[in-house]
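Just so you know, the sequences run in chain order A and B. First residue of the first sequence? That's 4 in the working numbering, and the numbers climb one at a time after it. First residue of the second sequence? That's 4 in the working numbering, and the numbers climb one at a time after it.
There are 2 protein chains.
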Amino acid sequence: MPVQKTVTLGLLQHACLADPKANLAKALVLTEEAAKRGAQIICTQEMFRSQYFCQSEDHANFALAESIPDGPSTVAFRKLAKKHGVVVIASLFEKRASGLYHNTAVIIDADGSVLGLYRKMHIPDDPLFYEKFYFTPGDTGFRAWDTKFGRIGVLICWDQWYPEAARLTAMQGAEILFYPTAIGWHPSEKAEYGVNQHGAWETIQRSHAVANGCYVAAINRVGHEKIKGVGGDGLEFWGQSFVAGTSGQILAKASVKEEEVMLVDVDLSKVDVTRTHWPFLRDRRIDAYGDLTRRFID
Amino acid sequence: MPVQKTVTLGLLQHACLADPKANLAKALVLTEEAAKRGAQIICTQEMFRSQYFCQSEDHANFALAESIPDGPSTVAFRKLAKKHGVVVIASLFEKRASGLYHNTAVIIDADGSVLGLYRKMHIPDDPLFYEKFYFTPGDTGFRAWDTKFGRIGVLICWDQWYPEAARLTAMQGAEILFYPTAIGWHPSEKAEYGVNQHGAWETIQRSHAVANGCYVAAINRVGHEKIKGVGGDGLEFWGQSFVAGTSGQILAKASVKEEEVMLVDVDLSKVDVTRTHWPFLRDRRIDAYGDLTRRFID
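Here you go:
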């Protein structure tokens, strides 16, 4: 048997207030708590610094964006990462240039250095999730980084529905896929569709662990957010952040409504064991996959 | 709302005896039963005509193969399909030429005509699943067919672990993906790994329904098969054939051990509804998927 290589993941599931400074302060407190409890790779939920402002298309919201690495969030997390010797994945609203904004994750190594960033590649646009208005589709492609505690990949929310994204990240050696997320129910739909919607979300991400023999960590927010000035009944984020093992089994799962710092131990040596016993990578028919770059085969 | 378009699927889950003629006779009886009860698209489990002979590498087993469409199975199913006006998907061990064998599904339309065939593209080779010895990897690529009752795709067992295969089939318009399967537990591993193994299998196939907003039908065998002349304790097929809806939810699931003709109604208009409300196909980043044809990105 290979030597165990246990890493402790820290998932920060929380609610967000209207004030970005308060949200950043909260995320920093939770990060510190996670680090003190032993977390080694800590990941925020998607755009933890704001309420989910994409519920409307409002130019004023662009003021919520910050630059990377000079903005306040990256500066603060770098300091904390260095202080505690932990890896931090922070999901931010990035202002790259005037009129050019991204939904971006910054990956900070345990020495406080910025390893790189990932700009969300798949951008949704659906009622109350008007992301195409705000976020330019990423130009980073799919990436993986060697952190102090393991090789990881980061994808963001809507990316989670695309097996292609998980595959291309795992093919770069990522042993854990992190998915900072902000997903919830439309309250009016919850009774009829809620179970299937959440089930689909959990299932597809567990399947990325299965297909690639790697770990998957999904970090979602909680809370019912009704944005000031936006009509309707808002979004009820469904929490339930989780970590899936290399066979897609749920290793740990947070609650629907509570704020939680969830610590989960994962043994990275299981990636090798799983892929040896379920050698899916061996048998991919790469000679027959060319049409995956087509829109449709018609 | 779009007009309902309900189709009744018939999944044939059964055990297999050593005698191929008895297995074919049984499958024909079950097909007839399914048709009489109202099934419109009927699918066998993988290589229903034999016990799972790939538990050893034995040249004598090539004698189990038959040609398509002239072999006894295709001839018999064509007759039944025409008689009852049903579509039949039959999973067969195909002898294509001397020394050239495939794990093949033949798709027969409701008028008894052969619509086409699919030759298993991904071939496993693991303890007691020595398929690479028997089956030449398919050269059909991934396909879809317009049957009388809907546009379908067929993939076979090990293919189920590959999101690429499901995607490429759905991208040709398939609204139902059928997976004839023969998968089970090594009895010695069942206690420790059985739950996760089955969970991974069900999860990944449900995820194909999620990712593509289509239906998935998996048809597996039951029974504990110890092949004559092969040591060890054989394979315990785990049954649990199922149909997943367009959000990946389980619509129906067969038992672990019983033979069953499972009839499941699916409404094909839901494919359109689901894909409109969860428009994953809209946002695929086909400009960034080119590396999917690589073995690994290193």
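Just so it is clear, CB atoms sit at the ideal spot from N, CA and C, and this is done for glycine as well.
Residue range P190 to N215 is occupied by the alpha helix (DSSP H) that includes B:Y196. Nearest in C-alpha terms to B:T9, of all of B:L266, B:K231 and B:I300, is B:L266. Looking at the DSSP output, B:L33 shares a beta bridge with no other residue. Its chain contains G216 and L284 as the residues whose beta carbon lies nearer than 7 angstroms to that of A:R278, once the 5 sequence neighbours on both sides are disregarded; these appear in chain order. By the Cβ criterion, the stretch 204–215 of chain A is not in contact with the stretch 36–49 of chain A, since fewer than three pairs of Cβ atoms, one from each stretch, lie closer than 8 angstroms.
Here A:G156 is bridged, per DSSP, to A:L180.
With 16 or more other CB atoms across the displayed protein chains lying within 10 angstroms of its CB, A:I126 is buried. Neighbourhood of B:G144 in chain A, by CB distance below 8 angstroms: A291, in chain order. A:T47 sits in coil when the DSSP states are folded into three classes, being neither helix nor strand. For A:H87, no beta strand (DSSP E) segment is defined; the enclosing uninterrupted segment is the alpha helix (DSSP H) at P75 to H87. The DSSP-derived three-state label of B:L20 is coil. For the set B:G141, B:H227 and B:S244, the Cα lying nearest the Cα of A:D290 is the one of B:G141. Look at A:V267: its C-beta is not under 8 angstroms from any C-beta on chain B. Taking all protein chains shown into account, B:D162 has 16 or more neighbouring C-beta atoms within 10 Å of its C-beta and is therefore buried. When C-alpha distances from A:T11 are compared across A:V90, A:D129 and A:L131, the shortest belongs to A:V90. Against chain A, the beta carbon of B:R287 has neighbours under 8 angstroms at H125, Y165, E167 and R298, listed in chain order. Shown here is that no member of the stretch 80–114 of chain B has a Cβ falling below 7 angstroms from a Cβ of chain A. B:L171 reaches chain A at A291, Y292, D294, L295 and I300, counting residues in chain order whose Cβ is nearer than 8 angstroms. Looking at the DSSP output, A:E239 bridges to A:W188 and A:H227.
Taking 7 angstroms as the Cβ-Cβ cut-off, the stretch 205–236 of chain B approaches chain A at T206, I207, R209, S210, V213 and A214, given in chain order. Counting only residues of its own chain and dropping the five nearest sequence neighbours on each side, B:K260 has a CB closer than 7 angstroms to the CB of V225 and G242. No residue range can be given for B:F145, since it is assigned to no alpha helix (DSSP H) and is classified by DSSP as neither H nor E. A direct Cα-Cα distance of roughly 21 angstroms separates A:V78 from A:I155.
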